[in-house]
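J.: Residue numbers (the UniProt record's numbering): 1 to 150.
Glycine included, each C-beta is placed from N, C-alpha and C at the ideal position.
Mind looking over this structure? Questions follow.
Below is the structure:
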């Protein structure tokens, strides 16, 4: 027996029940299933009005998922690709900046754990952290090694 065809709203609620989505991302997913006469933008407005779709919750969820592994520039670029811009993006950037060095040291410790003995190993560690989106300043602190607990 075939499963019944979901309405556009049902499909949207199913996506949102799995995880938070940005307006841009959800609109892109729903537009594939929109038939003639379906208004995806009106549905997205309704979802936002009922607080089922929230850009703030999406941003917080994405930051929570990514912050343990990636640096500020990579997270900010991903937020921008999902349509988060303007003042909200600036607030998120400032919140991320406070913990970037600590997160960079954590990533370095998990991956390497010891200070590089030669320039080749140091460059390898530096490239790894920079590709993860950490700032040059945070990478320099991390490459000095984890601070000793007193």
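1) Any idea what DSSP makes of residue 118, helix, strand or coil?
2) In three-state terms, what does DSSP make of residue 40?
3) Pick out the complete alpha helix (DSSP H) segments inside the segment 64 to 104, 4 residues or longer, and give them in chain order.
4) Could you tell me how far apart the beta carbons of residue 61 and residue 19 are, in whole angstroms, since I believe they sit closer than 8 Å?
5) Note down, in chain order, each residue of its chain lying with its Cβ closer than 7 Å to the Cβ of residue 142, except the 5 sequence neighbours on either side.
6) Rounded to whole angstroms, what's the CA-CA distance from residue 112 to residue 67? Just pull it up for me.
7) Three or more C-beta pairs closer than 8 Å, one from the segment 24 to 33 and one from the segment 71 to 79: is that the case here?
8) Along the alpha helix (DSSP H) that carries residue 142, what are the first and last residues, could you check?
9) Locate the alpha helix (DSSP H) running through residue 32, then write down its first and last residues.
10) Indicate whether residue 88 and residue 54 have their beta-carbon atoms separated by less than 8 Å.
11) Ignore the nearest five residues each way along the sequence and tell me which others in residue 12's own chain have a CB closer than 7 Å to its CB.
12) Assign residue 132 to one of three DSSP states: helix, strand, or coil.
13) Give the secondary structure of residue 113 by DSSP, where H, G and I count as helix, E and B as strand, and everything else as coil.
14) CA-CA distance, residue 150 and residue 101?
15) With a CB to CB cut of under 8 Å and the five nearest residues on each side skipped, what residues in its chain are close to residue 56?
T.: Judging by the given coordinates:
1) coil
2) helix
3) 72 to 81, 86 to 97
4) 7 Å
5) 104, 105, 108, 129
6) 18 Å
7) no
8) 136 to 143
9) Premise fails: residue 32 is in no alpha helix (DSSP H) and is neither H nor E.
10) no
11) 26, 30, 43, 47
12) coil
13) coil
14) Residue placement at residue 150 cannot be trusted, given a pLDDT of 33 that sits under 50; the coordinates are not used to answer.
15) 88
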